[in-house]
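Here is the structure we will look at, set down as structure tokens.
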Amino acid sequence: MTTTAITDIACLVTNDPSLGDGSPLGLIRDAAVVIDGDRIVWAGESNRAPAADKAVDAGGRAMIPGFVDSHSHLVFAGDRTQEFNARMSGRPYSAGGIRTTVAATRAASDDELSANVARYLAEALRQGTTTCETKSGYGLTVEDEARALRIAARHTDEVTFLGAHIVSPDYADDPAGYVDLVTGPMLDACAPHARWIDVFCERGAFDGDQARAVLTAGIAKGLHPRVHANQLGHGPGVQLAVELDAASADHCTHLTEADIDALGQGDTVATLLPGAEFSTRAVWPDARRLLDAGATVALSTDCNPGSSFTSSMPFCIALAVRDMGMTPDEAVRAATAGGAAALRRTDIGRIAPGARADLLLLDAPSHVHLAYRPGVPLADAVWQRGARVA
Numbered sequence: 014m015t016t017t018a019i020t021d022i023a024c025l026v027t028n029d030p031s032l033g034d035g036s037p038l039g040l041i042r043d044a045a046v047v048i049d050g051d052r053i054v055w056a057g058e059s060n061r062a063p064a065a066d067k068a069v070d071a072g073g074r075a076m077i078p079g080f081v082d083s084h085s086h087l088v089f090a091g092d093r094t095q096e097f098n099a100r101m102s103g104r105p106y107s108a109g110g111i112r113t114t115v116a117a118t119r120a121a122s123d124d125e126l127s128a129n130v131a132r133y134l135a136e137a138l139r140q141g142t143t144t145c146e147t148k149s150g151y152g153l154t155v156e157d158e159a160r161a162l163r164i165a166a167r168h169t170d171e172v173t174f175l176g177a178h179i180v181s182p183d184y185a186d187d188p189a190g191y192v193d194l195v196t197g198p199m200l201d202a203c204a205p206h207a208r209w210i211d212v213f214c215e216r217g218a219f220d221g222d223q224a225r226a227v228l229t230a231g232i233a234k235g236l237h238p239r240v241h242a243n244q245l246g247h248g249p250g251v252q253l254a255v256e257l258d259a260a261s262a263d264h265c266t267h268l269t270e271a272d273i274d275a276l277g278q279g280d281t282v283a284t285l286l287p288g289a290e291f292s293t294r295a296v297w298p299d300a301r302r303l304l305d306a307g308a309t310v311a312l313s314t315d316c317n318p319g320s321s322f323t324s325s326m327p328f329c330i331a332l333a334v335r336d337m338g339m340t341p342d343e344a345v346r347a348a349t350a351g352g353a354a355a356l357r358r359t360d361i362g363r364i365a366p367g368a369r370a371d372l373l374l375l376d377a378p379s380h381v382h383l384a385y386r387p388g389v390p391l392a393d394a395v396w397q398r399g400a401r402v403a
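Just remember that the numbering used here sits 13 ahead of the position in the sequence shown, which is counted from 1.
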């Protein structure tokens, strides 16, 4: 392997306090990083960097780990511009809008769906997202859910079975029958293609008992749980996620003190999705309460065609700082190490020996510019698995 040293980094975010200034970000000033193959083998102050075969001059810019987007819905077809336009004119979001995408997705070819996934992942990569989870959930038949997962698995290792997104229109009068389908034939067909199982535990989707049935069936098949929880109102989703040791409870917009305490004391990550609140004019999650309670918080895009059609993690960082009570340091950590925790990964979301060489060089002297300069494309260079890709 050829080693590469990236030098003259003004500010390096390692997310490893033992390597840097002792803060959660593990900041190192005047830093360097050495890559060997797809791994980081050294990170520290430039004047202590070991020799390497190649050198890249960062030019006094800041570097952070590649973003980890732990919640997206990329296997879809169609467009919901009219729905968005109507909502911005005063119509509130409801889960029923998903049915529009279901119809378009069922009608699309495999090649069309795969091209869409590739397009949005490439769009995210240009902005510094080097790991992206994505879900099924727009097929809602055994065949369509299985093909969505097969397509997703061509593009990412982080694939989630979300047959329990809404009750399929085909079972509108028989929700119990649809839960039986999801936990039976659909799960049998989908489990081999996924790592995770998810459920939309929400009014208009699945109640607590139905969500528990879906998740426990998935666990029995070897899938790991995560939950769409407490987005539209108070409900059982967060408590269920913590009880089942779900990797994440996602949205977490409407929380009781008991919900916050449970997240603060457990291992379930609270994944916040500010793009959804932005796009639906909904109340913002209170990240400050979660952080002060000791919860691990992740930021993600929730990229989907209905309620959050953005692939931009920098945009979500800016929203989190402006409207959710996070500091710039907390938001950057949530978008990197937080996302890794939500996927229960230790090889990404940090810049330290042994970690995967997923790096984002910013066209700025500090990571704070991600919130300080909202809307400005700051990705100067991106490395994924040690290869420069943007």
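By construction, the Cβ of each residue, glycine as well, lies at the ideal position given by its N, Cα and C atoms.
All values reported here derive from a predicted model rather than from experimental measurement.
Asked: Alpha carbon of T463 to alpha carbon of I77, nearest angstrom; Found: For residue 463 there is no data in the structure shown, the boundaries of the chain being 14 and 403.
Asked: Burial state of A233 (16 or more Cβ within 10 Å); Found: exposed
Asked: Same chain, Cβ closer than 7 Å to A384, five either side skipped, listed in chain order; Found: I330, A331, V334, P341, A344
Asked: Environment of T196 [buried if 16+ CB atoms lie within 10 Å]; Found: buried
Asked: Sequence-distant residues of its chain with Cβ nearer than 7 Å to G50 (five each side left out); Found: M14, G399
Asked: Pairwise C-alpha distance: A242 and S313; Found: 14 Å
Asked: Burial state of A392 (16 or more Cβ within 10 Å); Found: buried
Asked: Contact check, D82 vs G351, beta carbons under 8 Å; Found: no
Asked: M326 (DSSP reduced to helix, strand or coil); Found: helix
Asked: DSSP three-state assignment for T266, whether helix, strand or coil; Found: coil
Asked: Straight-line Cα distance separating D201 from C24; Found: 48 Å
Asked: L138: first and last residue of the uninterrupted alpha helix (DSSP H) it sits in; Found: 123-139
Asked: Beta-carbon proximity check, A165 vs S181, cutoff 8 Å; Found: no
Asked: Endpoints, the alpha helix (DSSP H) within which G72 is located; Found: Where G72 is concerned, there is no enclosing alpha helix (DSSP H), although the beta strand (DSSP E) it sits in stretches over 67-78.
Asked: For G231 and F174, believed in contact at Cβ under 8 Å, the rounded distance; Found: 7 Å
Asked: Beta-carbon contacts of A108 that lie in its chain and below 6 Å, excluding the five residues immediately before and after; Found: In this prediction, A108 has a pLDDT of 45, which is less than 50 and means its spatial position is unreliable; what the coordinates show is noted afterwards. If we look at A108 and ignore the five residues flanking it on each side, its Cβ neighbours are I179, G217, A218.
Asked: Simplified DSSP state of T314, which is helix, strand or coil; Found: coil
Asked: Beta carbon of W396 nearer than 8 Å to that of A377; Found: no
Asked: Integer Cβ distance of E171 from L356, believed to fall under 8 Å; Found: 6 Å
Asked: Burial state of A116, where buried means 16 or more other Cβ atoms lie within 10 Å; Found: exposed
Asked: Cβ-Cβ separation, D21 to G72 (assumed contact under 8 Å), whole Å; Found: 6 Å
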